[in-house]
Structure formats: structure tokens, C-alpha cells
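First up is the structure itself, then whatever we jot down about it.
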Amino acid sequence: MNALRIRLTVFIALLLVVAAMLLTWLTLQRFERNIIPEMARTSRTVGESVFAVFERAHQHGIALPDMFGANEFLDEAMREHAGLAYLYVADDKGHVLFRNSGSAARAALSTTCDVDGTTLRGEHFHTCMRMPLSSGAWATLHLGRPASFVTERMRAILYDLLAVLVVSGLITVELLRFTLTFVFATPMTATQILLSKVRERDFSYRLPHERLGGIAQLGRSFNLTVEALNRRVQALRQRWGATALAEHPGYQHLIGHNRFGDPGKPNVIECAAVDHIRWPFFLLIFADSLSLSFFPVYAGQFYTDIGGLSRELVVGLPISIFMFTWALSMPWVGTWSDKVGSRKAFIVGAGITTLGLLLTATATSLVQLLVWRSMTAVGYGLAFITTQSYISANTPPSQRTKAMATFISTFFAGSLSGSAIGGILADRIGYAPTILMSGLLSATAALVVLNFIHGSDAAATPRQPPGMKEFKRLLSNPRFVLVTFFAAVPSKIALSGFLYYTVPLYLKLLGNSQSTTGRIIMAYGLAIIVLSPLIANLADRIGKLRWFVGLGGFLSAAAMLSLTSFDSLTGVLISTTLLGIAHAIGVSPQLSLINECCRELVQEMGAGTTTGIFRLIERLGNVLGPILAGLLIAHFGFSGAFVGIGAIVMSCALVFMLSLQWLESGKNASTQTKPL
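The number in our numbering is simply the position in the sequence shown, starting from 1, with 6 added.
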């Protein structure tokens, strides 16, 4: 069944890719045909708005040559309409009267306007407009766009389409896994369980009804047969009485060795699978990540002076507050999730996330933004930890590592998809409407769980959050401290401080669109998705986990320091991709390294408690990242921030490697044991 599901997924995904590539090609062809006429219409609209000002001045008796401040007005028009190369006005004899700054040489291209329209002249698309004035005279307006504008727009559309192609592929894979599991794999598993019960002479179970297609028909047939047997046995018991029926000679042979249930209260076989939660979890991460590419820019709109703090620091507060609230809520939301069950906890978490996102889109002040982001963090954290609990509860111990790797890949698939699509949407519909759409997607995730995940998996004894005793015990172990504070925390500082905060602001400063920012952030997720499984397998085979963690730290530092040499869009792309490679190498083995170098402590305290404390402290890096980046940008600029964060990560990696080597050397000298 699993092999069939994989083949179906691959086949349908390939069909989608072929169809999407064909659609991409057709879209590009249509765009190429329409872009020049559309550009001409846009240029004419700009020209009409400019000429309206000259016409009003002329109606007030000001002769065209005497209009004061016209050059400055044309400069302002150039700033308002990005993409114009030049803009000038000539009289009916072809003499240039007014022009924007720097257009003197281009004005020599043509000062005559025999026919209105747009033509290619040299390196520019030249638009000429003959506009009559109220006195009967006429003037000409000349404006131009670089011919490279078409190429740039074509390239931008191609990149957007390729991003959509990648995202649609990821969405297809996730949706197909959910559909095939829910419609085929899970019903077949439930049917096998029912048949095994029947072989054991147990007729008290039935299959659930909410399946689709042929599996549903098969399930109904089984249910009708089993329910008919139960009704007949119940009728016999009512007719003969339980005592008389038990004394019947054929009772033990036909009925006595079998188990029957109450037809009115059957035992329904509910089968859970990891893929049931993957799709709603993907939707939730996708929803929250729609704002990744522009959230620092969006937060900058609400800047207010807070105690003299710099603008850069204040803009980073919403991200830090989100991470801080998420970290603080993790212990108690995990306990509550165990108490009420995964289904209810995820629905509540997604519901809170939805409300928080909708309110974030309607925020009118920085205080409101901070409050709504905190609310979103609570819901997000609840759904996040509930998904982890669901996967652990429905996976055999031998397959739990693989299942958690699937959880991580789903997280990054949703994250990169959301950042790419969010950037495209923000360029077209704006920041607030995009965040509103993310709220609707989050609500969709809750509805999926409400309709497709059933049964209660509430724990009889919910886990208790770790106390100070557990924290002190772990923090007294130098190896745990080294891995946590000098490997895990710096990784999160780089993630939130550099990728989520600095990169969007820096690319905006360079004049890039939100679509471009989304694609750049997307490169990080792609590197994680592609390399993480390969690196995990390699690390398991080779061992030496501290070398993987250390190498990841050094590469993370190199990713940010490289921007001092490649200060451009290409440099940011290289840096972001390198950071993804670094985290694929160094982040995944961190928890495994703790389990190995702190084996006795983990066995004493329990893997769950150790992991919970590790993840909680790790979030400290998420909180500190935007604050550190904001402080560095405020005092040293973006270049200083790149160097500063890179130096912090580099220093931590050096301390981690040298200190752990020293500890292992001391351990070898005293115990003669083989190092990790």
C-alpha cells in the first residue's frame, strides 16, 4: 500500500509539473504580447495626469513658457512613477521648455511629435503626446522608459511563475499524501483490523462511515454484515432469554465462543496516521509564513518613539515578542494539549492563530501589533506542539526519528511556500490583505482537523512542565550548556535576526520587490528540505556529530560575513542559501549530540524533559536575534549588522568546538573511553 501511494503521488506530481510548465510558457507568451501595449497605456495615463496640471495653469492665464517650478514638478512626477527614464515638455515648434533633472541628453532624441504613440527609439520606449491647450495652441509631452524594462519585467514574471511552480509542487505532494492516506491507506488498515477481529470471533466492531469511493462501499458491506449478525443474536437473546439461550445445545457451538456487541452502540475502529495531521499543519505554517518576506517592513509602519529606542530596534520588537511568547507558552500548552487531546488542541490553537492574524491585519498602532502577535504566538505554539505530540503518539518508537524528520520537512515546506507566495501577494494586493488571507488559511487548517480527524487521544496523566530542579540539573552539565548556548542559540539568532529580520529590510533598502524577498527566503527552505535528510543519514553513518554541529556554525557565520564582499541581490541569495546549507548540516544533529554526550543525564531525567528544556532555551535565540540585529543596524548600519551577527556565531562555534574537544580529551584521559 505504501509503495502504491508513493507511485501515485509521483505520477500525479509529474502530471502537475508538466501542466504547470505548459501554463507557465503560455502565460509568458501572453505577457510578452501584452506588455508593450500595456506599458504604452500606462505611459499615456501618466502623461495625461502631468498635462492636466499644465492645462489648469494655462487656464489661469499663465503662458506655457512662463510656468514657474515646472522642472521641479517633472522631477516629482518622475519620483512618483518609478520606471520612467526621462520626462520633458516641448512647445509646438519643438523647443524643449521643461525637463526633469538629467534628461538634457535624452531630449535630443526627438522634440517633434507628428503622431501620438509609443515607439522604440534607441534604448528607450519613447511615448509622445500632443496635447491641445485652451488657447488653441498645443504642446508635446515626451516620456520614456528603458527598453530593458520589458526584459526586467519578463524576468520578474518568470521568477514569480517558477516560484509558484515550486510551491504548487509542494502543495500537491502534501495534499496527495493526505488524500491517499485518508481515502485509501487508513481505511484499508481499519479493514484489516476488522477482519482480524472477525477471525478472532469478535463481531463487536465496525468501520467508520466517513470514507469515500469504493473503500466506503466495501466498508458499508462489512458493517451491514456485522450489524446483521449482532441484530440476530440480540433478537435471539430477547426471544429466548439469556439463561434459556445459554442452555440451548447449539449455543456454545454457534454463539457462545463468539463476542457480539450492542447494535445501537458499536465499537468504531478509528485509525490515526501521521499524514492526517501533515496537511493541516502545512496549511497553518503556510498561513503564518505569508508575512515572512515583509513583516519587518509592515511593522515599520507603526513605529513610534518608545523611550528613545532606535527605529531599527522597535521594528524588531514584534518578531521578538512573538518568539518570546511562543517560548513561554510551550510548557503549559503542551500539558493542556495532553489533557484535552490533539484534535481539540489543534483546533483551538489554529482558531487562536486565525484571530491573531486577522487582528494583526487590522492593527492601527504598535501596541496593538504587539498584543495581536502575542496572541498569534500562543495559538501557533499550541498547534505546533500538538502536531509533535500527535506524531509521537501515532508512530512506533522505531520509526519516531523518521516521523520527526517528516515533521521538520513539512514545517519548512510550509514556510518556504508561504514566504514565496506572500511576497507575490504583497506586491499585488498589499500587506494587510495578505495577512488577512493568512488568517483565512489558518481557519482552513482548523476546519480540516474538525472534519477529518476524529477520536480522542487525551492522556490519562498529562505531562507536567519541567521545574527549576530539572533546569538546574541540566544547566550544571557543561556539555549540555555547550550544545545549547553555543550551537543551538546562535543558530536561532542567525535565523530570526538575519533571515527573518535583516534580509527583508535590507532587500527593501536595495529597492527590491516583496516577491524578490520571498524568493530569496525561499532559497533557505529549499536548502533545508533537500539536504536535511541526506545530512541526517550521513551523520548517522559517520557519527562524529560534534563536527557536523561545529561545521554548521562556521558555515552560518560565513553566510553572513560573505555579504561584506558581495553587497548585492546575488550576494544576499548566496548568503541565504549558504545559511540553509549550514543549518541543514548543523541544526539537525544537535539534539542527537545531546542524547549521546549527555547519555546518563538524559536517561536519568527522561528524553522528553531534556528535549523540552533544550527547545525552550533554544527559543532564546529567536528572541535575541531581532533585538541584536536592530541594535547593530542602528549603530553600525547593515554591513555592521552582518559582521556583528557573523562574528557572534563564529565565536560561539569556536568556543563550542574547542571546549567540547577539551572536555572529551579530559574524559579520555580519565576513563580511556572512545570520544564521540
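All residues carry an ideal CB built from backbone N, CA and C; glycine is no exception.
Check: Whole runs of the alpha helix (DSSP H) within the stretch 174-201, excluding any shorter than 4 residues; Outcome: none
Check: Nearest candidate by alpha-carbon position, reference Ile639, set Arg317, Leu14, Leu561 and Gly100; Outcome: Arg317
Check: Whole-angstrom distance between Tyr304 and Leu298, CA atom to CA atom; Outcome: 10 Å
Check: Closest Cα partner of His101 within the set Gln65, Asp122 and His148; Outcome: His148
Check: Exposure of Val593, with buried meaning 16 or more beta-carbon neighbours within 10 Å; Outcome: buried
Check: Sufficient close CB pairs (3 or more, under 8 Å) joining the stretch 420-430 to the stretch 278-293; Outcome: yes
Check: contact_flag[the stretch 617-624, the stretch 522-530] where n(CB pairs < 8 Å) is 3 or more; Outcome: no
Check: Residues near Phe458 by beta carbon distance below 7 Å, same chain, minus five either side; Outcome: Phe188 and His282
Check: Contact between the stretch 46-61 and the stretch 77-90 (3+ Cβ pairs under 8 Å); Outcome: yes
Check: Residues that DSSP places opposite Thr124 in a beta bridge; Outcome: Thr133
Check: Run of the alpha helix (DSSP H) containing Val377, from where it starts to where it stops; Outcome: Leu372 to Ala399
Check: Gly586 Cβ short of 7 Å to the ligand NAD heavy atom set; Outcome: Questions concerning the ligand NAD fall outside what the structure shown contains, since it holds no ligand whatsoever.
Check: Helix, strand or coil at Asn77 according to DSSP, with G and I counted as helix; Outcome: helix
Check: His282, DSSP secondary structure in three states; Outcome: helix
Check: Beta-carbon proximity list for Leu29, same chain, < 7 Å, skipping 5 on both sides; Outcome: none
Check: Assigned exposure category for Arg265 - 16 Cβ within 10 Å defines buried; Outcome: exposed
Check: Ala19 versus Gln609: straight-line alpha-carbon distance, rounded; Outcome: 44 Å
Check: Run of the beta strand (DSSP E) containing Phe104, from where it starts to where it stops; Outcome: Val102 to Arg105
Check: Helix, strand or coil at Pro539 according to DSSP, with G and I counted as helix; Outcome: helix
Check: Between the CA atoms of Glu602 and Met663 - distance to the nearest angstrom; Outcome: 16 Å
Check: Complete runs of the alpha helix (DSSP H) confined to the stretch 579-650 [at least 4 residues]; Outcome: 595-603 and 605-611
Check: contact_flag[the stretch 651-658, the stretch 558-568] where n(CB pairs < 8 Å) is 3 or more; Outcome: yes
Check: Rounded straight-line distance, which links the Cα of Asp311 to that of Ala367; Outcome: 22 Å
Check: Simplified DSSP state of Leu21, which is helix, strand or coil; Outcome: helix
Check: Straight-line Cα distance separating Val377 from Asp573; Outcome: 36 Å
Check: Cβ contact check for the stretch 391-402 and the stretch 348-362: 3 or more pairs under 8 Å; Outcome: yes
Check: Alpha-carbon spacing of Ala451 relative to Met84, whole angstroms; Outcome: 45 Å
Check: Collapsed DSSP secondary structure at Phe287 in the structure displayed; Outcome: helix
Check: Same chain only: Cβ atoms within 6 Å of Ser425, ignoring 5 sequence neighbours per side; Outcome: Ser295, Leu298, Ser299, Gly524, Ile527 and Met528
Check: For Thr570 and Thr124, the rounded distance between their alpha carbons; Outcome: 43 Å
Check: C-beta atoms of Leu669 and Arg485 nearer than 8 Å; Outcome: yes
Check: Sheet register partners of Phe95 (DSSP bridge); Outcome: The displayed chain sequence assigns Val, not Phe, to residue 95. Val95 is bridged to Phe104 and Leu147.
Check: Residues near Ala369 in its chain [Cβ-Cβ closer than 8 Å; skip 5 each side]; Outcome: Phe308, Leu375 and Trp378
Check: Separation of Val321 from Gly306, as counted between CA atoms; Outcome: 5 Å
Check: Tyr512 (DSSP reduced to helix, strand or coil); Outcome: helix
Check: Backbone secondary structure at Leu213 - three-state DSSP; Outcome: coil
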